[in-house]
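Encoded as C-alpha coordinates, the structure appears first; notes follow it.
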Amino acid sequence: MSATNNGLLVLVRILLSFMFIMSGFGKLTDPAGTAGMIAGAGFPAADLLAYAAGLYELVAGLFILVGFQTKITAWTVALFCVFTGLVFHSGTVAIEGWPEGALGWINTLNQIMMMKNITLAGGYIALAIVGAGAYSIDARRGSAQAVAA
(Lines of atoms letter the chains of each structure in order from A; the text may use other names.)
(Lines give C-alpha, C1' and ligand atoms only; values in the text may rest on other atoms or scores of the structure.)
Protein backbone atom coordinates (compact mmCIF):
# COMPACT_ATOMS: atom_id res chain seq x y z
CA MET A 192 0.00 0.00 0.00
CA SER A 193 1.32 3.46 -0.85
CA ALA A 194 2.40 6.03 1.72
CA THR A 195 -0.48 8.24 0.57
CA ASN A 196 -3.04 5.50 1.16
CA ASN A 197 -1.52 4.69 4.54
CA GLY A 198 -1.73 8.38 5.45
CA LEU A 199 -5.34 8.47 4.32
CA LEU A 200 -6.08 5.45 6.51
CA VAL A 201 -4.85 7.48 9.49
CA LEU A 202 -7.35 10.19 8.52
CA VAL A 203 -10.08 7.54 8.15
CA ARG A 204 -9.29 6.18 11.61
CA ILE A 205 -9.33 9.68 13.13
CA LEU A 206 -12.70 10.48 11.55
CA LEU A 207 -14.27 7.13 12.44
CA SER A 208 -12.98 7.23 16.02
CA PHE A 209 -13.89 10.82 16.91
CA MET A 210 -17.60 10.28 17.46
CA PHE A 211 -17.11 7.15 19.55
CA ILE A 212 -14.45 8.71 21.76
CA MET A 213 -16.58 11.79 22.39
CA SER A 214 -19.81 9.85 22.82
CA GLY A 215 -18.22 7.31 25.15
CA PHE A 216 -16.72 10.06 27.29
CA GLY A 217 -20.11 11.79 27.39
CA LYS A 218 -21.90 8.64 28.48
CA LEU A 219 -19.36 8.01 31.23
CA THR A 220 -19.62 11.55 32.60
CA ASP A 221 -23.40 11.95 32.19
CA PRO A 222 -25.17 8.64 31.49
CA ALA A 223 -28.73 9.82 32.25
CA GLY A 224 -29.92 10.37 28.67
CA THR A 225 -28.52 7.06 27.47
CA ALA A 226 -29.93 5.25 30.51
CA GLY A 227 -33.33 6.76 29.69
CA MET A 228 -33.18 5.48 26.11
CA ILE A 229 -32.07 2.04 27.31
CA ALA A 230 -34.89 1.87 29.88
CA GLY A 231 -37.36 3.14 27.28
CA ALA A 232 -36.39 0.24 25.01
CA GLY A 233 -37.24 -2.16 27.83
CA PHE A 234 -33.75 -3.26 28.84
CA PRO A 235 -33.04 -3.87 32.54
CA ALA A 236 -30.18 -2.25 34.49
CA ALA A 237 -30.26 0.83 32.30
CA ASP A 238 -27.68 2.76 34.34
CA LEU A 239 -25.21 -0.12 34.24
CA LEU A 240 -25.75 -0.63 30.50
CA ALA A 241 -25.27 3.10 29.88
CA TYR A 242 -21.90 3.01 31.62
CA ALA A 243 -20.99 -0.21 29.76
CA ALA A 244 -21.92 1.40 26.43
CA GLY A 245 -19.86 4.47 27.30
CA LEU A 246 -16.83 2.41 28.25
CA TYR A 247 -17.15 0.29 25.11
CA GLU A 248 -17.47 3.36 22.86
CA LEU A 249 -14.50 5.10 24.47
CA VAL A 250 -12.20 2.07 24.32
CA ALA A 251 -13.29 1.03 20.83
CA GLY A 252 -12.82 4.59 19.59
CA LEU A 253 -9.33 4.73 21.05
CA PHE A 254 -8.46 1.32 19.55
CA ILE A 255 -9.58 2.53 16.10
CA LEU A 256 -7.70 5.82 16.53
CA VAL A 257 -4.35 4.19 17.29
CA GLY A 258 -4.91 1.18 15.05
CA PHE A 259 -4.90 -1.53 17.72
CA GLN A 260 -6.78 -4.77 17.00
CA THR A 261 -8.37 -2.76 14.21
CA LYS A 262 -10.11 -5.45 12.21
CA ILE A 263 -11.74 -7.07 15.23
CA THR A 264 -12.69 -3.72 16.74
CA ALA A 265 -14.08 -2.42 13.45
CA TRP A 266 -16.32 -5.49 13.10
CA THR A 267 -17.63 -5.10 16.65
CA VAL A 268 -18.30 -1.40 16.14
CA ALA A 269 -20.12 -2.13 12.86
CA LEU A 270 -22.35 -4.58 14.73
CA PHE A 271 -22.82 -2.07 17.56
CA CYS A 272 -23.91 0.56 15.03
CA VAL A 273 -26.45 -1.74 13.38
CA PHE A 274 -27.78 -2.97 16.74
CA THR A 275 -28.16 0.50 18.25
CA GLY A 276 -29.64 1.85 15.02
CA LEU A 277 -32.28 -0.86 14.86
CA VAL A 278 -33.09 -0.93 18.58
CA PHE A 279 -32.98 2.77 19.45
CA HIS A 280 -33.58 4.67 16.20
CA SER A 281 -35.87 2.61 13.97
CA GLY A 282 -39.22 3.46 15.54
CA THR A 283 -41.23 6.60 16.06
CA VAL A 284 -40.80 8.71 19.16
CA ALA A 285 -43.85 9.64 21.22
CA ILE A 286 -43.33 11.92 24.18
CA GLU A 287 -46.44 12.67 26.19
CA GLY A 288 -47.32 16.34 26.27
CA TRP A 289 -45.00 17.37 23.40
CA PRO A 290 -46.50 19.33 20.50
CA GLU A 291 -47.03 17.36 17.29
CA GLY A 292 -44.64 19.64 15.38
CA ALA A 293 -41.84 18.91 17.81
CA LEU A 294 -42.48 15.18 17.61
CA GLY A 295 -42.28 15.35 13.82
CA TRP A 296 -38.88 16.98 14.08
CA ILE A 297 -37.69 14.45 16.67
CA ASN A 298 -38.88 11.55 14.51
CA THR A 299 -37.04 12.99 11.51
CA LEU A 300 -33.90 13.32 13.63
CA ASN A 301 -34.36 9.74 14.85
CA GLN A 302 -34.58 8.54 11.23
CA ILE A 303 -31.38 10.44 10.41
CA MET A 304 -29.68 8.78 13.39
CA MET A 305 -30.74 5.37 12.05
CA MET A 306 -29.28 6.16 8.62
CA LYS A 307 -26.10 7.49 10.26
CA ASN A 308 -25.63 4.28 12.22
CA ILE A 309 -26.10 2.07 9.16
CA THR A 310 -23.76 4.27 7.12
CA LEU A 311 -21.11 4.18 9.84
CA ALA A 312 -21.40 0.37 9.92
CA GLY A 313 -20.40 0.39 6.25
CA GLY A 314 -17.35 2.51 7.00
CA TYR A 315 -16.30 0.22 9.83
CA ILE A 316 -16.77 -2.87 7.66
CA ALA A 317 -14.52 -1.27 5.03
CA LEU A 318 -11.91 -0.57 7.71
CA ALA A 319 -12.19 -4.17 8.94
CA ILE A 320 -11.51 -5.40 5.42
CA VAL A 321 -8.62 -3.03 4.65
CA GLY A 322 -7.00 -2.91 8.09
CA ALA A 323 -5.32 -0.08 9.96
CA GLY A 324 -2.45 0.53 7.53
CA ALA A 325 1.24 1.01 8.09
CA TYR A 326 0.90 3.88 10.57
CA SER A 327 -0.72 1.90 13.37
CA ILE A 328 0.03 -0.17 16.43
CA ASP A 329 -1.10 -3.22 14.48
CA ALA A 330 1.64 -2.60 11.88
CA ARG A 331 4.28 -1.98 14.54
CA ARG A 332 3.38 -5.31 16.11
CA GLY A 333 3.57 -7.05 12.72
CA SER A 334 -0.07 -7.99 13.05
CA ALA A 335 -2.34 -9.17 10.27
CA GLN A 336 -4.68 -6.45 11.60
CA ALA A 337 -2.60 -3.83 9.77
CA VAL A 338 -3.44 -4.68 6.16
CA ALA A 339 -5.87 -6.81 4.22
CA ALA A 340 -4.69 -10.32 3.54
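Residue numbering for the sequence shown follows the numbering used here, starting at 192 and increasing by one per position.
The beta-carbon is built from N, C-alpha and C at its ideal position, and this holds for glycine as well.
Residue i vs residue j beta-carbon contact at 7 Å
| i | j | result |
| --- | --- | --- |
| residue 312 | residue 273 | yes |
| residue 228 | residue 279 | yes |
| residue 197 | residue 326 | yes |
| residue 258 | residue 308 | no |
| residue 209 | residue 249 | no |
| residue 241 | residue 222 | yes |
| residue 243 | residue 226 | no |
| residue 266 | residue 319 | yes |
| residue 211 | residue 269 | no |
Three-state secondary structure (DSSP) of residue i
| i | result |
| --- | --- |
| residue 302 | helix |
| residue 192 | coil |
| residue 321 | helix |
| residue 238 | helix |
| residue 198 | helix |
| residue 294 | helix |
| residue 314 | helix |
| residue 332 | coil |
| residue 327 | coil |
Whole-Å CB distance - residue i paired with residue j, under 8 Å assumed
| i | j | result |
| --- | --- | --- |
| residue 245 | residue 262 | In fact, because the Cβ distance is near 23 Å, the residues do not count as touching under 8 Å. |
| residue 310 | residue 298 | With a Cβ gap of about 19 Å, residue 310 and residue 298 do not count as contacting. |
| residue 305 | residue 281 | 6 Å |
Closer than 6 Å: residue i CB and nearest the ligand MN heavy atom
| i | result |
| --- | --- |
| residue 217 | For the structure depicted, the ligand MN is absent and the ligand set is empty, with no information on it obtainable. |
Could you pull out every unbroken alpha helix (DSSP H) segment of at least 4 residues lying fully inside the stretch 203 to 291, listed in chain order?
223 to 231, 237 to 257 and 261 to 280
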